[in-house]
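Residue numbers (the UniProt record's numbering): 1 to 361. For each residue, glycine too, the CB sits at the ideal point set by N, CA and C.
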Amino acid sequence: MSDLSKSTVLVTGAGGRTGQIVYKKLKERSDQYTARGLVRTQESKEKIGGDNDVYIGDIRNIENITPAIQGIDALIILTSAVPKMKPGFDPTKGGRPEFYFEDGAFPEQVDWIGQKNQIDVAKAAGVKQIVLVGSMGGTNPNHPLNSLGNGNILIWKRKAEQYLADSGIPYTIIRAGGLQDKEGGVRELLVGKDDELLQTETRTIARADVAEVCIQEEKSRRRFCVSNNQGEDSADSGVEDDEGNSLAVEAALSMLKFYKREISPLLPKSCRYVPTCSEYSMIAYKKYGVVKGTILTAWRLCRCNPLEIDDELVICKLLMLRITGKILSQSILKKKLLHDLTGGSGFDPPRWFDETTPPEQ
1 MSDLSKSTVL VTGAGGRTGQ IVYKKLKERS DQYTARGLVR TQESKEKIGG
51 DNDVYIGDIR NIENITPAIQ GIDALIILTS AVPKMKPGFD PTKGGRPEFY
101 FEDGAFPEQV DWIGQKNQID VAKAAGVKQI VLVGSMGGTN PNHPLNSLGN
151 GNILIWKRKA EQYLADSGIP YTIIRAGGLQ DKEGGVRELL VGKDDELLQT
201 ETRTIARADV AEVCIQEEKS RRRFCVSNNQ GEDSADSGVE DDEGNSLAVE
251 AALSMLKFYK REISPLLPKS CRYVPTCSEY SMIAYKKYGV VKGTILTAWR
301 LCRCNPLEID DELVICKLLM LRITGKILSQ SILKKKLLHD LTGGSGFDPP
351 RWFDETTPPE Q
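Below, the structure is given as structure tokens:
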């Protein structure tokens with residue numbers, strides 16, 4: 001028999017990066033919660049510990065998920081379709097990467113039908129609260145994320161949100177900014193509504209902070225967007241680590257075109273590093289993909305021969321830094337750009353930057 005003083009909470013999508021954190025936090029607070037998880041595969045179950053409270057099920061099938069939902073007090077929905085980059089993309093040849101969704105895993109099937117099924121089963125089971133984690137950007141039907149794999153992912157997410165709001169079940173809808181694998185509880189949380197945070201520089205949030213908000217909101221009823229205030233600690237990476245982040249990819253491709261057109265012809269034939277900047281760039285793109293590869297290339301160029309380059313190349317490098325600022329923290333860029341212009345060492349590179357060889361993943 002369950003402890004009546006504790007809430008039994010099911011986390012769906014518990015095998016995902018954010019879902020794992022929520023499930024772990026609930027398990028750590030066993031005096032307050034009885035945790036359950038729902039994952040898609042046995043492999044995902046084993047990855048998060050393989051306990052008997054982790055169920056395997058397909059959210060597209062109501063019968064599959066009913067056993068996990070029966071007897072719970074609250075449901076935290078963290079399931080989401082995930083776009084994948086088509087293989088064979090070569091950023092050195094220009095163009096844009098293409099994305100696709102695996103068969104059966106399109107946003108309509110996962111973010112609409114799958115979430116609708118969870119809501120319907122939860123309502124039938126008498127669940128007292130649902131926390132649904134969505135994404136900022138849903139107010140704009142032309143948002144770039146909707147074009148990924150022609151999936152209209154934000155449109156389907158928004159439809160599921162409205163379905164939950166109309167269901168009669170007490171709910172909280174959390175529209176998170178770009179998710180980052182960073183330590184939680186470090187930066188201030190900012191709360192807004194209807195994508196107003198997208199008009200600011202605070203568009204990202206640590207997964208750990210989203211996880212904590214999910215748990216804290218388990219007994220409230222509201223809809224809001226959430227992101228982190230961009231503190232100094234954001235300079236180490238500043239990008240969403242998923243290659244599916246179309247905005248980061250777009251900025252990186254913009255910088256790559258600028259590099260090929262304006263900077264590459266100006267690079268000296270000799271370089272104090274081995275491999276050369278061009279060779280380094282090729283290695284970085286192949287190893288990390290277009291986003292991180294572009295950031296690594298920019299940092300390498302900004303470290304190469306800082307006292308021997310002519311003024312024209314200095315300006316080109318600074319322009320590259322400006323474009324990199326679309327990916328890195330804008331606040332850090334603004335504070336440090338003048339320092340770069342006067343010949344200073346500039347702001348600190350990402351932790352995974354190495355001047356001579358792109359680090360192993």
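Check your understanding: For Asp-111, does the count of other Cβ atoms within 10 angstroms reach 16, so buried, or fall short, so exposed?
Key -> buried
Q.
Does Ile-69 come out as helix, strand or coil in the three-state DSSP assignment?
A. helix
Do you know whose CA, among Met-282, Pro-144, Ala-35, Gly-293, lies nearest Asn-75's CA? At residue 75 the sequence reads Leu, which differs from the Asn that was named. Closest option to Leu-75, Cα to Cα, is Ala-35.
Q. Looking at Val-39 and residue 363, is the spacing between their C-beta atoms short of 8 Å?
A. Outside the displayed range of the chain (1 to 361) lies residue 363, so it cannot be described from this structure.
ask   = First and last residue of the beta strand (DSSP E) that includes Val-110?
value = Premise fails: Val-110 is in no beta strand (DSSP E) and is neither H nor E.
In its own chain, which residues sit with a C-beta less than 7 Å from the C-beta of residue 396, not counting the 5 before and 5 after it?
Within the shown structure, residues of the chain are numbered from 1 to 361, placing residue 396 beyond reach of any answer.
Practice item. In the DSSP assignment, find the unbroken alpha helix (DSSP H) run with Leu-148 in it and report its ends. Key: Unbroken run through Leu-148: none, as it is neither H nor E.
Worksheet item: Between the Cα of Gly-49 and the Cα atoms of Arg-29, Gln-20, Arg-207, Glu-63, which residue gives the shortest distance?
Response: Gln-20
Counted within 10 angstroms of its Cβ, other Cβ atoms place Thr-79 as buried (16 or more) or exposed: buried
Next item on the list: Just confirm the distance between the C-beta atoms of Val-121 and Ile-174, as a whole number of angstroms; I'd bet it's less than 8 Å.
Entry: 21 Å between Cβ atoms; not a contact.
- prompt: Between the C-alpha atoms of Asp-51 and Ile-65, what's the straight-line distance to the nearest angstrom?
  reply: 17 Å
Classify Lys-25 as helix, strand or coil using the three-state DSSP reduction.
helix
Q. Under 8 Å, do Gly-151 and Ala-81 count as touching if we go by C-beta distance?
A. yes
TODO: Return helix, strand or coil for Leu-154, following the three-state DSSP convention.
DONE: helix
Going straight from the alpha carbon of Ser-7 to that of Ile-62, what length do you get?
23 Å
So is Thr-18 buried or exposed if we call it buried at 16+ other beta carbons inside 10 Å?
buried
- Message: For Gly-138 and Pro-275, what's the separation of their Cα atoms in angstroms?
- Response: 44 Å
Excluding the five sequence neighbours on either side, which residues of its own chain have a C-beta within less than 6 Å of the C-beta of Glu-98, listed in chain order?
-> Lys-86
Between Ser-167 and the rest of its own chain, which residues show a CB-CB distance below 7 Å, the 5 nearest in sequence each way excluded?
-> Ile-119, Lys-123
ask   = Gly-13 to Ile-77, Cα distance in whole Å?
value = 7 Å
Handout entry: Own chain residues within Cβ distance below 8 Å of Glu-108, not counting five before or after
Key = Gly-151, Asn-152, Trp-156
Helix, strand or coil: how does DSSP classify Ile-48 here? coil
Where Asp-209 falls, given that 16 or more other Cβ within 10 Å makes a residue buried | buried
Around the Cβ of Asn-117, are there at least 16 other Cβ atoms within 10 angstroms (buried) or fewer (exposed)?
-> buried
- prompt: Which two residues bound the contiguous beta strand (DSSP E) that contains Ile-173?
  reply: 171 to 176
| field | Rounded separation between Lys-25 and Leu-179 - CA only | value | 18 Å
Problem set entry | Close beta carbons around Asp-58, own chain, < 6 Å, minus the five adjacent residues each side | Asn-64
inquiry  = For Leu-10 and Ile-69, I'd like the C-alpha separation in whole angstroms.
reply    = 7 Å
*asked:* Quick check: the Cα distance between Ala-160 and Gly-134, rounded to an integer number of angstroms?
replied: 9 Å
- Cα-Cα separation, Gln-115 to Asn-142: 23 Å
Subject >> Under 8 Å between C-beta atoms of Lys-128 and Glu-102 >> reply: no
Distance between beta carbons of Arg-60 and Ile-113, contact taken as under 8 Å:
6 Å
Which of helix, strand or coil DSSP assigns to Arg-96: coil
Check: How many Å lie between Ile-169 and Glu-28 at the Cα?
Finding: 27 Å
| Alpha carbon to alpha carbon, how far is Pro-67 from Asn-146? | 33 Å
Assuming Glu-183 and Ala-206 make a contact with CB atoms under 8 Å, what is their CB distance in whole Å?
7 Å
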